[in-house]
Amino acid sequence: MEVAQQEIPAPAKTKETVEVSGSVALLEALIAEGTDTIFGYPGGAIMPIYDALYDYNEKLNHVLVRHEQGGIHAGQGYARTSGKVGVVFATSGPGATNLVTGLADAQIDSTPLVCITGQVFAHLLGTDAFQETDVINITTPVTKWNYQVTDANEIPEVIAKAFYIARSGRPGPVLIDITKNAQIQKFNYEGYTACNHIRSYRPKPIVRKQYVEQAAELINQAKKPFVLFGQGVILGSAEQEFKAFIEKAGIPSAWTILGVGAIPTDHPLNVGMLGMHGNYGPNVLTNECDVLIAIGMRFDDRVTGRLDKYAKQAKVIHLDIDPAEIDKNVQTTVPVWGDCKETLPLLTELVDAKSHTEWLAKFNDFTQKEVEAVIHNELNPTTEEMTMGEVIRVLNELTGGDAVIVTDVGQHQMVGCRYAKFNKTRSNVTSGGLGTMGFALPAAIGAKFGAQDRPVVAIIGDGGFQMTLQELGTIMQTGVNVKIIILNNRFLGMVRQWQELFNERRYSFVDIQSPDFVRVASGYGIAGKSVNDRSELTPALEQMLNHDGSFLLEVMVTKENNVFPMVPQGCSVSEIRLK
Amino acid sequence: MTNTSNENKEVLPTGEDLGGAKQEFNITVYTENQIGLLNRIAIIFTRRKINIDSLNTSPSEIDSIHRFTIVINETEDVVRKLCRQIEKQVEVLKVYYHTNADVIWQEMALYKVSTNVIAEQVSVERLLRENGARAVVIRKDYTVFETTGHREETESLIKILQPFGLIEFVRSARVAIIKDSEGFNAKLREFERLEPGEEVIENEYLNQGQKVFTM
Numbered sequence: 001m002e003v004a005q006q007e008i009p010a011p012a013k014t015k016e017t018v019e020v021s022g023s024v025a026l027l028e029a030l031i032a033e034g035t036d037t038i039f040g041y042p043g044g045a046i047m048p049i050y051d052a053l054y055d056y057n058e059k060l061n062h063v064l065v066r067h068e069q070g071g072i073h074a075g076q077g078y079a080r081t082s083g084k085v086g087v088v089f090a091t092s093g094p095g096a097t098n099l100v101t102g103l104a105d106a107q108i109d110s111t112p113l114v115c116i117t118g119q120v121f122a123h124l125l126g127t128d129a130f131q132e133t134d135v136i137n138i139t140t141p142v143t144k145w146n147y148q149v150t151d152a153n154e155i156p157e158v159i160a161k162a163f164y165i166a167r168s169g170r171p172g173p174v175l176i177d178i179t180k181n182a183q184i185q186k187f188n189y190e191g192y193t194a195c196n197h198i199r200s201y202r203p204k205p206i207v208r209k210q211y212v213e214q215a216a217e218l219i220n221q222a223k224k225p226f227v228l229f230g231q232g233v234i235l236g237s238a239e240q241e242f243k244a245f246i247e248k249a250g251i252p253s254a255w256t257i258l259g260v261g262a263i264p265t266d267h268p269l270n271v272g273m274l275g276m277h278g279n280y281g282p283n284v285l286t287n288e289c290d291v292l293i294a295i296g297m298r299f300d301d302r303v304t305g306r307l308d309k310y311a312k313q314a315k316v317i318h319l320d321i322d323p324a325e326i327d328k329n330v331q332t333t334v335p336v337w338g339d340c341k342e343t344l345p346l347l348t349e350l351v352d353a354k355s356h357t358e359w360l361a362k363f364n365d366f367t368q369k370e371v372e373a374v375i376h377n378e379l380n381p382t383t384e385e386m387t388m389g390e391v392i393r394v395l396n397e398l399t400g401g402d403a404v405i406v407t408d409v410g411q412h413q414m415v416g417c418r419y420a421k422f423n424k425t426r427s428n429v430t431s432g433g434l435g436t437m438g439f440a441l442p443a444a445i446g447a448k449f450g451a452q453d454r455p456v457v458a459i460i461g462d463g464g465f466q467m468t469l470q471e472l473g474t475i476m477q478t479g480v481n482v483k484i485i486i487l488n489n490r491f492l493g494m495v496r497q498w499q500e501l502f503n504e505r506r507y508s509f510v511d512i513q514s515p516d517f518v519r520v521a522s523g524y525g526i527a528g529k530s531v532n533d534r535s536e537l538t539p540a541l542e543q544m545l546n547h548d549g550s551f552l553l554e555v556m557v558t559k560e561n562n563v564f565p566m567v568p569q570g571c572s573v574s575e576i577r578l579k
Numbered sequence: 580m581t582n583t584s585n586e587n588k589e590v591l592p593t594g595e596d597l598g599g600a601k602q603e604f605n606i607t608v609y610t611e612n613q614i615g616l617l618n619r620i621a622i623i624f625t626r627r628k629i630n631i632d633s634l635n636t637s638p639s640e641i642d643s644i645h646r647f648t649i650v651i652n653e654t655e656d657v658v659r660k661l662c663r664q665i666e667k668q669v670e671v672l673k674v675y676y677h678t679n680a681d682v683i684w685q686e687m688a689l690y691k692v693s694t695n696v697i698a699e700q701v702s703v704e705r706l707l708r709e710n711g712a713r714a715v716v717i718r719k720d721y722t723v724f725e726t727t728g729h730r731e732e733t734e735s736l737i738k739i740l741q742p743f744g745l746i747e748f749v750r751s752a753r754v755a756i757i758k759d760s761e762g763f764n765a766k767l768r769e770f771e772r773l774e775p776g777e778e779v780i781e782n783e784y785l786n787q788g789q790k791v792f793t794m
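In order, the protein sequences belong to chains A and B. If you count by the working numbering, then the first sequence holds residues 1 to 579, one letter each, in order. If you count by the working numbering, then the second sequence holds residues 580 to 794, one letter each, in order.
This is how it looks when you write it as structure tokens:
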């Protein structure tokens, strides 16, 4: 088995030691791990670390956020665009509990993070001290690993483990809680050694040739093979290997919301999005294919709909790095567990070069039906009011598909992911598994720090924006260049849509009022504009993209528009509705 | 229990049909000795609203490696998924699950009764003889008995002692030894290597050969 790549220039262990504080050892460890940016917020129990940070200004860029939740979402955005581990600092008590939503989000979306929380002095643990919370136990269900440090001597080794665990295998968030005494304590520091092995932890299962051979045989016999791909392809940096595989085997491929961008939107084998608001063909044909090849995805209920009517006719091949995902929701015929960067080339070698022309044409037929019934009207509406889809269409025309698109949660997220054009991988940042409203604004800030040479556009609803709008302060202070589009339908749109469709239009508390967003932005020194008329849309988007610095563009869209197609909850994917 | 299979049940995929009724399963978990790991394992059950019937932690055959024995009443499908989630935890080395037929298991129970009542109404000696019990302590005011055995055995003595005013009863968690196991020493040596061999995660799926798929 291949062990995780260690590209960290670890200083050789020498017998000479220097006496440093736990805080300094922590910062040295971060630098050794390649950290350049920290998202954080100081407080009493993490003050010694912040005091040490004062002298590390040139090596570590600390971004002062306005709320710890903003800090961790920024860390997530950074990790998603850069492929590196996001680093977050917070103090004890409320600082730490404010991280919980982001930890849960990162855990379910497999985002590598190392969060450092301050903790009260070790001798005060369990005394209900000021700002003491049992952070380890609160965060256990939402972290890949967590650990409390009470002695500075532990810091180099624990941080090395934290980074190794966060980034290896199926990535995830790690939280290290450091008591204040350990931050202050001086100890003999022997230098930093990166971790590359933990005996109780196997990041990747061993690739078994037998399964690869069986999978290839199934694929070679298939008449209607269908590939479902998820974020695993991106997390494994296996985009090229994936493309080579589907191109050789000629298999139509559909993406989960986190897999989008692993191959370009306009790739001829990219047949669209899976799931509740995915495309028509991929959903219907899931129940018609003969071999289903799932790659780096976990059969989320929003993807599968009703499980007992999901792809029952198909043989299922599941490629995943996490053995616990195999057979979790969908019974597998052949499990190809392992890192898809290793398994895909093996599979590509064994599959026959084919082009399933007729089968692929079937997807295109469904696309045509969907265009006629839904897409054309959404992207080119003739109504007086604008639609969310047409905003995305114009944005595509202006960016050409090169921007990083960060979405929040709700209708605009579905519309954004369905219609945004992606040329490159690591271009879509969204809260997929947890569905965290308020994610997009802070995540966009982090995404920009993680991809400084790329334009970053956050697309947010009027509801979600108000959940974390305090992070406009972070934009103001850092001068980070983030473009913000608020698609304002004056409703909590997704809940409203469900209330319309399933609760007889009983619109219970979805009618949300908003402040004057442009004036709010202006208060933070951020330029902005609000448009209500189609004729203003293209010039406004051009102005936003060309503006030197952050810009907030509010677009007033139809109040009661629904996202279609839709697989209603409890229905099979083939029962997808076009209206 | 009806399942008399002696196979070691690994927690990797098998593809076999895992239907079936609920029954008692013994889950054996080899772990590092780490604060917080008990909670990490326990919440895997509680999150799914699954009751843990018995949980024991103890040292194992290897110094520094701990061994959990967890008993739950569930279907094999559920047990397998739970075991994979447990094995995923960073500080867990290996998880096995077995039916009662696949393990040698014991539980210990203590019973406190009034010495007067016992002396007057029933022969202590007869009680001990008939129930495989032994008296741990005999004082003027109370006597403490101990039995070790299966659930039914420890339970039957409760019924016997109840009429004589059973003052206190307590039963330990289950401990279980796997019949078909060569211990964990060889495995641990593999885990300690940077690149463990395939036998570390040997699995029965491979042996099914042709049964894997048909078209």
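From the three backbone atoms N, C-alpha and C, an ideal C-beta is built for every residue, glycine too.
- Among the CB atoms of chain B, one or more fall inside 8 Å of the CB of TRP145 (chain A).
- Distances from the CA of GLN231 (chain A) to each of A:GLN331, A:SER508 and A:GLY432 were compared; the closest alpha carbon is that of A:GLY432.
- In this structure, the CA atom of VAL520 (chain A) is about 15 Å from the CA atom of ARG66 (chain A).
- Listed along the chain, the chain A residues whose CB falls inside 8 Å of the CB of ILE622 (chain B) are THR140 and PRO141.
- Excluding the 5 residues flanking it on each side, ILE263 (chain A) has same chain C-beta neighbours closer than 6 Å at LYS243 and ASN270, in chain order.
- If one requires a minimum length of 4 residues, the alpha helix (DSSP H) runs lying completely within the stretch 27 to 101 of chain A are 47 to 53, 68 to 82 and 94 to 97, in chain order.
- For THR436 (chain A), the closest C-alpha among the options A:VAL415, A:GLY410, A:GLY416 and A:THR425 is that of A:GLY410.
- Proximity of chain A to GLY762 (chain B) at the Cβ level (cut-off 8 Å) is not reached, the minimal Cβ distance being about 17 Å.
- For the set A:SER168, A:VAL563, A:LEU347 and A:ASP462, the Cα lying nearest the Cα of ARG208 (chain A) is the one of A:LEU347.
- Take ASP105 (chain A), set aside five residues on each side of it, and the residues of its chain with a beta-carbon closer than 6 Å to its own are SER431, LEU434 and THR436, in chain order.
- Rounded to the nearest whole angstrom, the C-alpha separation of ALA222 (chain A) and LEU379 (chain A) is 36 Å.
- Following the DSSP letters along the chain, one finds ARG750 (chain B) inside the beta strand (DSSP E) bounded by residues 745 to 750.
- The CB of ALA324 (chain A) comes closer than 8 Å to the CB of LYS660, ARG663, GLN664, GLU666 and LYS667 in chain B, given here in chain order.
- For secondary structure counted as the alpha helix (DSSP H) over 4 or more consecutive residues, the stretch 612 to 641 of chain B holds these complete runs in sequence order: 616 to 625.
- Contact annotation for SER110 (chain A) against chain B: no contact, minimum CB-CB distance about 12 Å [criterion: below 8 Å].
- Secondary structure note for ILE176 (chain A): its beta strand (DSSP E) is the uninterrupted segment 173 to 179.
- In the displayed model, LEU537 (chain A) falls within a helix according to three-state DSSP.
- Non-local beta-carbon contacts of CYS289 (chain A) in its own chain, meaning distances under 6 Å to residues more than five positions away in sequence, involve LYS224, PHE226 and ALA314 in chain order.
- Annotation for MET437 (chain A): no alpha helix (DSSP H) segment contains it, and DSSP assigns it neither H nor E.
- When the five nearest sequence neighbours on each side are left out, the beta carbons in the same chain lying within less than 7 Å of the beta carbon of THR407 (chain A) are those of GLN413, GLY416, CYS417, THR430, ALA440 and ILE459, in order along the chain.
- Using beta-carbon distances, ASN618 (chain B) counts as an interface residue toward chain A, with a partner under 8 Å.
- In the displayed model, GLY416 (chain A) falls within a helix according to three-state DSSP.
- Of all residues in the stretch 161 to 177 of chain A, only ILE165 come within less than 7 Å of chain B when Cβ atoms are compared, listed by chain position.
- Straight-line measurement puts the Cα of MET687 (chain B) at about 52 Å from the Cα of LYS84 (chain A).
- ILE512 (chain A) and GLU554 (chain A) do not touch by the CB rule: their CB atoms are close to 14 Å apart, not below 8 Å.
- Taking LYS758 (chain B) as reference, the option from B:GLU769, B:ALA680, B:VAL723 and B:LEU767 with the minimal CA-CA separation is B:ALA680.
- Proximity of VAL671 (chain B) to chain A, defined by a Cβ-Cβ separation below 8 Å, is satisfied.
- Linking GLN107 (chain A) to LEU113 (chain A) through their CA atoms gives a straight-line distance of about 9 Å.
- Using a CB distance cut-off of 8 Å, ILE198 (chain A) counts as an interface residue toward chain B.
- Along the stretch 302 to 333 of chain A, the positions whose C-beta sits under 9 Å from a C-beta of chain B are LYS315, HIS318, ASP322, PRO323, ALA324, GLU325, ILE326, ASP327, LYS328, GLN331, THR332 and THR333, read in chain order.
- Under a criterion of Cβ atoms nearer than 8 Å, the residues of chain A adjacent to ARG626 (chain B) are, in order, PRO141.
- Residue pairing for VAL608 (chain B): DSSP places it in a beta bridge opposite B:PHE647 and B:VAL674.
- Fully contained in the stretch 206 to 237 of chain A are the following alpha helix (DSSP H) runs of length 4 or more, in chain order: 209 to 221 and 232 to 235.
- Under DSSP, VAL149 (chain A) shares a beta bridge with A:ILE178.
- Here GLN69 (chain A) has ASN98, LEU99, THR101, GLY102, GLY438, PRO442 and THR468 as same chain residues with Cβ atoms under 8 Å from its own Cβ, once five neighbours each way along the sequence are excluded.
- Taking 8 Å as the threshold, the shortest C-beta distance from GLU611 (chain B) to chain A falls below it.
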